[in-house]
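Participant: Read in order, the letters of the sequence shown are residues 11 to 174 in this note's numbering. Backbone N, C-alpha and C fix where the C-beta goes; we use that ideal spot for every residue, glycine too. Nothing here was measured: the structure is a model prediction, and the numbers come from that model.
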Amino acid sequence: MSKKILISSCLIGENVRFDGRNKFINHSIIEQWQQEECLIAVCPEVAGGLGVPREPCEIIAGTGIQVLQRQARVVSKSGFDHTDNFISGAHFALELAQQHSIKMAILKKNSPSCGNHQIYDGTFSGTAIAGAGVAAALLQENGICVFNETELEQAKQYHTQLAE
Numbered sequence: 011m012s013k014k015i016l017i018s019s020c021l022i023g024e025n026v027r028f029d030g031r032n033k034f035i036n037h038s039i040i041e042q043w044q045q046e047e048c049l050i051a052v053c054p055e056v057a058g059g060l061g062v063p064r065e066p067c068e069i070i071a072g073t074g075i076q077v078l079q080r081q082a083r084v085v086s087k088s089g090f091d092h093t094d095n096f097i098s099g100a101h102f103a104l105e106l107a108q109q110h111s112i113k114m115a116i117l118k119k120n121s122p123s124c125g126n127h128q129i130y131d132g133t134f135s136g137t138a139i140a141g142a143g144v145a146a147a148l149l150q151e152n153g154i155c156v157f158n159e160t161e162l163e164q165a166k167q168y169h170t171q172l173a174e
């Protein structure tokens, strides 16, 4: 069983977020996985062709599942449709996970790509709704367990079980 873990690039300090920044998490679990060379970093939005910095995007009228089914769209704050970029980036993340036989991921919470439990509601008001982002939804549909940066203890337990 692969010990590799897919992780959002922004969580390990890469400046790939829409605002050109990162969301680095200084945590012993992440440090341990880095030392063990378990982490495979990806930013689905950058992989899908979006630049840094870029306008913030949110899913309109649905969640990542609906985007993958072409029943919802991902748009920037000014209204530009980035649905294809998000779908392409999600497929890149899945292919990367499959290449490395990855069974779990640590992704950025609330992101329109990476959120695993909640995403913003498409109004750019900071209101979160239940649902997964595009990449998280695709990974989950393909049997990859997705955690966010607030669930590192649960992720570590899951990773330990995978290794047994």
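(1) Between the segment 115 to 131 and the segment 62 to 74, can you find at least three pairs of beta-carbon atoms closer than 8 Å?
(2) In the segment 51 to 131, which residue ranges form an unbroken alpha helix (DSSP H) of at least 4 residues, counting only runs that do not cross its ends?
(3) On a CA-only basis, which of Leu16, Gly30 and Leu78 is nearest tryptophan 43? Give me that one, please.
(4) Can you have a look at phenylalanine 90 and say buried or exposed, based on whether 16 or more other CB atoms are within 10 angstroms of its CB?
(5) Give the C-beta separation of phenylalanine 96 and glycine 58 to the nearest angstrom, bearing in mind that I take them to be a contact with Cβ-Cβ under 8 Å.
(6) Compare the Cα-Cα distances from serine 38 to each of Gln171, Leu172, Glu159 and Val56 and report the closest residue.
(7) Does DSSP put isoleucine 39 in a helix, in a strand, or in coil?
(8) Looking only at DSSP bridge pairs, what is alanine 140 linked to?
(9) Give the secondary structure of cysteine 20 by DSSP, where H, G and I count as helix, E and B as strand, and everything else as coil.
(10) Does the beta-carbon of asparagine 36 have 16 or more other beta-carbons within 10 angstroms, so that it is buried, or is it exposed?
(11) With a threshold of 16 other CB atoms inside 10 Å of the CB of lysine 14, please say whether the residue is buried or exposed.
(12) Using 8 Å for Cβ pairs, my map puts leucine 21 next to isoleucine 116. What's the rounded Cβ distance?
(13) Which term fits asparagine 152, buried or exposed, when burial requires 16 or more other beta carbons within 10 angstroms of its beta carbon?
Facilitator: Short version:
(1) yes
(2) 54 to 57, 74 to 78 and 93 to 109
(3) Leu16
(4) exposed
(5) 6 Å
(6) Glu159
(7) helix
(8) Gln128
(9) helix
(10) exposed
(11) buried
(12) 7 Å
(13) exposed
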